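Before any comments, here is the structure.
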Amino acid sequence: MANNGPNTNGSQFFITYAPQSHLDLKYTLFGKVIDGLETLEQLEKLPINPKNYKPLAEIRINNVTIHANPLAG
Numbered sequence: 001m002a003n004n005g006p007n008t009n010g011s012q013f014f015i016t017y018a019p020q021s022h023l024d025l026k027y028t029l030f031g032k033v034i035d036g037l038e039t040l041e042q043l044e045k046l047p048i049n050p051k052n053y054k055p056l057a058e059i060r061i062n063n064v065t066i067h068a069n070p071l072a073g
């Protein structure tokens with residue numbers, strides 16, 4: 001998750017295709033996309049505001065599936 005500074009009470013999520021070393025030690029990693037990359041590709045095609053890079057339409061994630069790590073002890 002990202003923030004906009006102390007006491008901002010805001011957040012955003014980064015969903016990336018590859019490692020992003022510039023985010024290391026600044027943000028928390030808490031998941032990995034293992035299915036549904038076609039949905040991510042559709043999201044990338046949505047029109048955005050060129051000034052702030054936000055989608056012009058409201059985007060909501062309605063559900064997610066969390067898979068337990070079968071290798072964890």
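Using full-length UniProt numbering, read the sequence shown as starting at 1 and increasing by one per residue. No residue lacks a Cβ here, since even glycine has one placed at the ideal position from N, Cα and C. Remember, predicted model here, so these are calculated numbers, not experimental data.
Please determine whether the Cβ atom of H67 lies at a distance below 7 Å from any heavy atom of the ligand NAP. Absence of the ligand NAP from the depicted structure is noted, as is the absence of any ligand whatsoever, leaving it without description.
So what does DSSP say about Q20, is it helix, strand or coil? One-based indexing of the sequence shown puts residue 20 at position 20. Judged by DSSP in its simplified three-state form, Q20 adopts coil rather than helix or strand.
Taking the alpha helix (DSSP H) that L40 falls in, what are its first and last residues? Within the sequence shown, the letter at position 40 stands for residue 40. Element bounds for L40: 37-44.
Coil, strand or helix - P50 by DSSP: Within the sequence shown, the letter at position 50 stands for residue 50. Residue state, collapsed to three classes: coil.
Would you call the region 49-66 and the region 16-23 in contact, with 3 or more CB pairs under 8 Å? With the cut-off at 8 Å, the region 49-66 and the region 16-23 do not touch.
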